[in-house]
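Going line by line, the protein sequences match chains A and B. Under our numbering, the residue at position 36 of the first sequence is numbered 36, and the numbers go up by one with no gaps. In our numbering, each residue carries its 1-based index in the second sequence increased by 1000.
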Amino acid sequence: MHARSIIATLASVFLLASQCLLVPTVHAKMVGTETELARAERAQKEEQIVAALSREKARETLANYGVKPEQIEQRLSRLTDAEIQRLARKTENLPAGQDVIGFTLGVILILVLLDLLGATDVFPAIEPAN
Amino acid sequence: MTHLRRLAAALLAAGLTACQTLPSPVPDEAPASRQLDVPFYAQEKYQCGPAALAMALGAAGHEVAPATLIDEVWLPERKGSLAIELRAAARARERLVYPVDTPNQLFAQLDAGQPVLVMQNLAFSFWPQWHFAVVIGYAENGERVILHTGTDRGDGTHWNRFVRTWARADYQGMVVLPPGELPAKAEPQKLVRALNDLEQSPSPEAALPYWQATVERWPDKYLVQFGWGNLQWNRGEKEDAIRAFQKAVEIRPEAASAWNNLAEAWRQMDCAERAHKAIEQALQVEPTRQAIQDTRDQIKAMPEHQCPITGSGQ
């Protein structure tokens, strides 16, 4: 009986002790200056990258609009950052040459088919199949 | 043959760039010449790193012989030193190190009486010869710069020649500052970076005089108040820390990190109500951020306490 109670006491002490070890208290923490600096520096870098990319795209837009290469830099330098970004966004609105051709070819093909079926008569040279 | 031709082309290219004139950016109001009183140590063998650092430290009020620095910054296999190790060695001597990476910055430091430790590539980009020197002044309206370099004390070099060697080392340079002095034309964010680097050195208290000058100079910059709050908190100056965090959220009400720190500070001061209010502000901005949620959970679990601070406050 005596030995058993000693074992029981030891076991409970051990369990309590291990529980203390296993359940660490959650520590709320101050956000360190390093963390906040890293965020600020990252935001700054992202801005710089966006600015650089915008400039590259704006350059492309001007070139696409027929501006002579030697004039592009000079004309870009007069624009504000916001204007450069607006110009950069313009390139995305322009349809790519490949798409336009594909679309036109598709339409012609459909019209030819419709002519062949006799539904339309866009191309006088094409006689309906029957 | 092709090798020779390529070398000739490279030399020609180098020669051509040498013809370009780069005006030196000495401000109009600055004097025509200026030479700072900087202790000189001649380098031994290739050891320009320890010598240049010893001179920069001497100018910042810390006298040290280059030989003492060899074990800290000399890389025997590379027969040279790294700029990052020079910075670390200066921080270990409780000095703030601030980057100087433009010609404008260089002259601004010289006019403020601070010599600038620069890295140079004395040869070519494809065949570099790295070197550290200390710019101690200029003459002829900046047409010449004056350097402590190698074994030459106060050596005058044409600005054009110097700036090309500096450019080939990506304009790497630094100023080592006496305690409590700030670099000329500093940017607050870069300065907080430099201060934080010093705080992480073996003696974080060394940052205190520089921090005090920074807070005095830029009291309305968010990162300055935020960093100052953290420094004061770590030093056990809790009320000063709270004041700084309060200023930080005043400057930038959407700064969740500052609200979090303010909440955590109030929590540790047993001010549950104020802690609640502050962490709510943080959660409004960044509801999913783990650090903020942890703080909120801790505040929720707070027992009722008597807040020792009365009066207005967030």
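Cβ coordinates follow ideal geometry from the N, Cα and C atoms, glycine included.
State buried or exposed for residue i, treating a residue as buried only when at least 16 other CB atoms are found within 10 Å of its CB.
i: Asp81(A); result: exposed
i: Leu22(A); result: Interpretation of Leu22(A) is limited by its pLDDT of 47, a score under 50 that renders its predicted location unreliable; the figure taken from the coordinates is listed afterwards. Burial call: exposed.
i: His1148(B); result: buried
i: Glu46(A); result: exposed
i: Arg42(A); result: exposed
i: Arg39(A); result: exposed
i: Tyr65(A); result: exposed
i: Leu94(A); result: With a pLDDT of 43 at Leu94(A), under the threshold of 50, the modelled position of that residue is not reliable, and no figure is offered here.
i: Ser1024(B); result: buried
i: Thr104(A); result: exposed
i: Pro124(A); result: exposed
i: Ala63(A); result: exposed
i: His1131(B); result: buried
i: Gly1058(B); result: buried
The beta strand (DSSP E) that contains residue i, what's its start and end?
i: Pro1202(B); result: Segment: none, Pro1202(B) is in no beta strand (DSSP E) and carries neither H nor E.
i: Trp1266(B); result: It is not in any beta strand (DSSP E) - Trp1266(B) instead sits in the alpha helix (DSSP H) that spans Ala1256 to Gln1268.
i: Arg1121(B); result: The question names Arg, but residue 1121(B) is Asn in the sequence shown. Run containing Asn1121(B): Val1116 to Asn1121, per the beta strand (DSSP E) assignment.
Three-state secondary structure (DSSP) at residue i?
i: Gly32(A); result: coil
i: Phe1132(B); result: strand
i: Asp1028(B); result: coil
i: Gln1035(B); result: strand
i: Thr1068(B); result: helix
i: Leu1082(B); result: coil
i: Val122(A); result: coil
i: Leu1182(B); result: coil
i: Arg1217(B); result: helix
i: Arg1289(B); result: coil
i: Arg1093(B); result: coil
i: Ala1042(B); result: coil
i: Arg1296(B); result: helix
i: Lys68(A); result: coil
What residue from the options has the CA that sits closest to residue i's CA?
i: Ala1032(B); options: Val1145(B), Leu1075(B), Thr1295(B) and Thr1102(B); result: Val1145(B)
i: Ala1123(B); options: Ala1139(B), Val1163(B), Ala1108(B) and Gly1061(B); result: Val1163(B)
i: Tyr1046(B); options: Ser1081(B), Ala1030(B) and Leu1096(B); result: Ser1081(B)
i: Ala1301(B); options: Glu1286(B), Ile1309(B), His1276(B) and Ala1291(B); result: His1276(B)
i: Met30(A); options: Ala1256(B), Asp1270(B) and Cys1307(B); result: Ala1256(B)
i: Met1174(B); options: Ala1194(B), Leu1208(B), Pro1204(B) and Gln1129(B); result: Ala1194(B)
i: Asp1220(B); options: Pro1066(B), Arg1243(B) and Leu1198(B); result: Arg1243(B)
i: Asn1261(B); options: Ile1251(B), Arg1235(B), Ala1291(B) and Asp1270(B); result: Ala1291(B)
i: Arg1034(B); options: Ala1108(B), Val1097(B), Val1073(B) and Ala1067(B); result: Ala1108(B)
i: Ile1251(B); options: Glu1239(B), Val1224(B), Asn1234(B) and Trp1233(B); result: Val1224(B)
i: Glu1187(B); options: Gly1113(B), Tyr1098(B) and Arg1267(B); result: Tyr1098(B)
Starting from residue i, follow its DSSP beta bridges and name the residues at the other end.
i: Met1174(B); result: Pro1099(B) and Leu1117(B)
i: His1158(B); result: Arg1144(B)
i: Gly1061(B); result: Paired residues: none, contrary to the question.
i: Tyr1138(B); result: Arg1034(B) and Val1145(B)
i: Met1075(B); result: Correcting the residue type first, residue 1075(B) is Leu in the shown sequence and not Met. In DSSP, Leu1075(B) forms a bridge with Gly1080(B).
i: Asp115(A); result: In the DSSP output, where bridge partners are listed per residue, Asp115(A) has none listed.
i: Asp1152(B); result: Thr1149(B)
Since residue i is in the alpha helix (DSSP H), which residue starts that stretch and which ends it?
i: Met1302(B); result: Per DSSP, Met1302(B) belongs to no alpha helix (DSSP H) and is neither H nor E.
i: Ala1112(B); result: Note, Ala1112(B): premise wrong, no alpha helix (DSSP H); not H, not E.
i: Lys1238(B); result: Lys1238 to Ile1251
i: Leu79(A); result: Element bounds for Leu79(A): n/a, residue is neither H nor E.
i: Tyr1222(B); result: Tyr1222 to Asn1234
i: Glu1273(B); result: Ala1272 to Val1285
I'd like to know if residue i contacts chain E, where contact means its C-beta is closer than 7 angstroms to some C-beta of that chain.
i: Glu1239(B); result: Going by chain labels, chain E is absent from the structure shown, which instead holds the protein chains A and B.
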